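Undergrad: Mind having a look at this structure? Questions to follow.
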Ligand code: KIV
C-alpha cells in the first residue's frame with residue numbers, strides 16, 4: 283500500500299489491516315495474503331527475544347529485523363518501531379529514524395504524546411512519515427504500573443484525546459490506539475482526519491493491528507482479552523491470516539469480547 287492510500291481508506295470507510303512481522307518469511311506470507319500494513323514491532327523483545335517487556339530492544343535489533351522484513355515485501359506499507367530510549371531528543375530521533383528508513387521502513391512509529399513535540403516536529407520537517415502510539419505504551423509499562431487499560435477516567439481520556447489532536451497537527455500520518463475504552467477510541471477516530479489503528483480499542487477504529495504470534499496462537503501464556511487466535515479452525519497460516527483480514531474488513535473483529 284502506498285502512503286497516499288492511507289487517507290482514502292478512511293474516507294471510503296474501508297478498514298485497514300496490520301500485523302507485526304520480524305522476519306522475511308512471515309512478512310512475505312502476510313504481504314501475499316493482502317495485509318495492508320506490516321509493523322516491525324518492538325514486541326520482538328517479547329516474542330523473539332523472550333523478554334518480559336520491550337525495554338531491552340536496541341536500535342541494532344530494529345535495524346536487523348526491519349532489513350529482513352523489507353527484503354521480502356512488495357505491497358504492504360512497512361512501519362518500523364523506534365525502540366526504548368531511541369527518541370529522547372530531536373536530533374537523536376532524526377538520526378535513528380533515518381537509519382530505519384535507510385533499511386526499508388516507509389514510516390517510523392514511536393510511543394507518547396506532547397512530551398515528544400520536538401521529535402514529532404523534526405520528523406515532520408524532514409518529511410519522514412510517522413505513526414503515533416497512544417493509550418497503553420508498553421515502553422512505559424513501569425511508569426504506567428503494568429499493562430493496564432488507559433483513559434478510563436475523564437482526565438486520562440482527555441489527555442489521550444488532546445495528544446491525538448496534537449500529533450495530527452504535527453503531521454503524524456496514522457495513530458495506534460492501544461488498550462483504551464471503545465467509546466474513547468470511537469470519539470478520537472471521529473475527531474481525527476488521519477486513520478486510527480486499534481489494538482484493544484474496539485471496532486470503530488479505522489483499522490486493527492495484532493501481534494502476529496498472538497493471532498497465530500504461538501503465544502500460549504496469559505494473553506490480553508483483545509487477542510484472538512485466527513489459526514483455530516484453519517489448516518494453514520495463509521488461511522488463518524486471510525480470515526483475520528476478512529474479519530477486520532467486515533468488522534466482525536474485534537467484537538465486545540475483545541474490547542474494553
Ligand atoms: O510492538 C508492537 O508490536 C506494537 C503493536 C502492539 C501495536 O507496538
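Residue numbers (the working numbering): 283 to 542. Glycine included, every Cβ here is placed at the ideal spot set by N, Cα and C. Computed from a predicted structure; not experimentally measured.
Three Cβ pairs or more, each shorter than 8 Å: is that satisfied between the region 289 to 302 and the region 333 to 344?
TA: The region 289 to 302, when compared against the region 333 to 344, does not touch it at the 8 Å Cβ threshold.
Undergrad: Quick one, which of 343, 389, 505 has its alpha-carbon nearest residue 456's?
TA: Among 343, 389, 505, the Cα nearest to that of residue 456 is on 389.
Undergrad: In terms of residue numbering, what span does the beta strand (DSSP E) encompassing residue 389 cover?
TA: Per DSSP, residue 389 belongs to the beta strand (DSSP E) from 389 to 393.
Undergrad: So residue 414 and residue 458 are supposed to be a Cβ contact under 8 Å. How far apart are they, rounded?
TA: That pair is a contact at about 7 Å.
Undergrad: Who are the near neighbours of residue 345 in its chain, counting only those whose CB is closer than 8 Å to its CB and skipping five residues on each side?
TA: Contacts found: 381, 382, 385.
Undergrad: Grab me the residues of residue 527's own chain with a C-beta within less than 7 Å of its C-beta, minus the 5 sequence neighbours each way, in chain order.
TA: Contacts found: 299, 315, 316, 317.
Undergrad: Confirm, please, whether the CB-CB distance from residue 379 to residue 410 is below 7 Å.
TA: Taking 7 Å as the Cβ cut-off, residue 410 and residue 379 qualify as a contacting pair.
Undergrad: Taking contact to mean at least 3 C-beta pairs separated by less than 8 Å, is the region 462 to 478 in contact with the region 501 to 512?
TA: Output reads no: the region 501 to 512 does not touch the region 462 to 478.
Undergrad: The ligand KIV and residue 325: does the residue's C-beta get closer than 6 Å to at least one heavy atom of that ligand?
TA: Yes - the ligand KIV has a heavy atom lying nearer than 6 Å to the Cβ of residue 325.
Undergrad: With a cut-off of 8 Å, do at least 3 Cβ pairs link the region 444 to 451 to the region 488 to 499?
TA: The region 444 to 451 is not in contact with the region 488 to 499.
Undergrad: Find the nearest neighbour of residue 358 within the set 468, 370, 310, judged by alpha-carbon distance.
TA: The residue with the shortest Cα to Cα distance from residue 358 is 310.
Undergrad: Which class does residue 472 belong to by DSSP, given the choice of helix, strand or coil?
TA: Helix, per DSSP.
Undergrad: Among 322, 327, 367, whose alpha-carbon lies nearest the alpha-carbon of residue 354?
TA: Cα-wise, what sits closest to residue 354 is 322.
Undergrad: Just confirm the distance between the C-beta atoms of residue 461 and residue 542, as a whole number of angstroms; I'd bet it's less than 8 Å.
TA: Yes, they are in contact, since the Cβ atoms of residue 461 and residue 542 sit about 7 Å apart, within 8 Å.
Undergrad: Comparing the CB of residue 363 with every heavy atom of the ligand KIV, is any distance shorter than 6 Å?
TA: Residue 363: yes, Cβ under 6 Å from the ligand KIV.
Undergrad: To the nearest angstrom, how far is the alpha carbon of residue 483 from that of residue 306?
TA: If I take the Cα positions, the gap works out to 29 Å.
Undergrad: Any heavy atom of the ligand KIV closer than 6 Å to the CB of residue 339?
TA: No - the ligand KIV has no heavy atom lying nearer than 6 Å to the Cβ of residue 339.
Undergrad: When burial is assigned at 16 or more other CB atoms within 10 Å of the CB, is residue 424 buried or exposed?
TA: Residue 424 is exposed by the Cβ-count criterion.
Undergrad: Do the CB positions of residue 445 and residue 387 come within less than 7 Å of each other?
TA: No. Outside cutoff.
Undergrad: If we ignore side chains and look at the alpha-carbon of each, how far apart do residue 262 and residue 533 end up?
TA: Residue coverage of the chain in this structure runs from 283 to 542, which leaves residue 262 outside it and unanswerable.
Undergrad: Is residue 573 helix, strand or coil by DSSP?
TA: This structure gives no information on residue 573, because the portion of the chain shown stretches from 283 to 542.
Undergrad: Indicate the three-state DSSP secondary structure (helix, strand or coil) for residue 351 in the structure shown.
TA: Here residue 351 sits in helix by DSSP.
Undergrad: What are the start and end residues of each continuous alpha helix (DSSP H) run of 4 or more residues lying completely inside the region 458 to 533, in chain order?
TA: Those alpha helix (DSSP H) runs which fall completely within the region 458 to 533 and span 4+ residues are 464 to 473, 494 to 497, 519 to 531.
Undergrad: At what residues does the beta strand (DSSP E) containing residue 330 begin and finish?
TA: Here residue 330 belongs to no beta strand (DSSP E), and DSSP marks it neither H nor E.
Undergrad: Nearest CA to the CA of residue 324: which residue from 373, 286, 288, 392?
TA: Ranking 373, 286, 288, 392 by Cα distance to residue 324 puts 392 first.
Undergrad: Compute every distance between the C-beta of residue 410 and the non-hydrogen atoms of the ligand KIV, then say whether any falls below 6 Å.
TA: Result no, Cβ not under 6 Å from the ligand KIV.
Undergrad: If you run the structure through DSSP and keep just helix, strand and coil, what is residue 363?
TA: Strand at residue 363.
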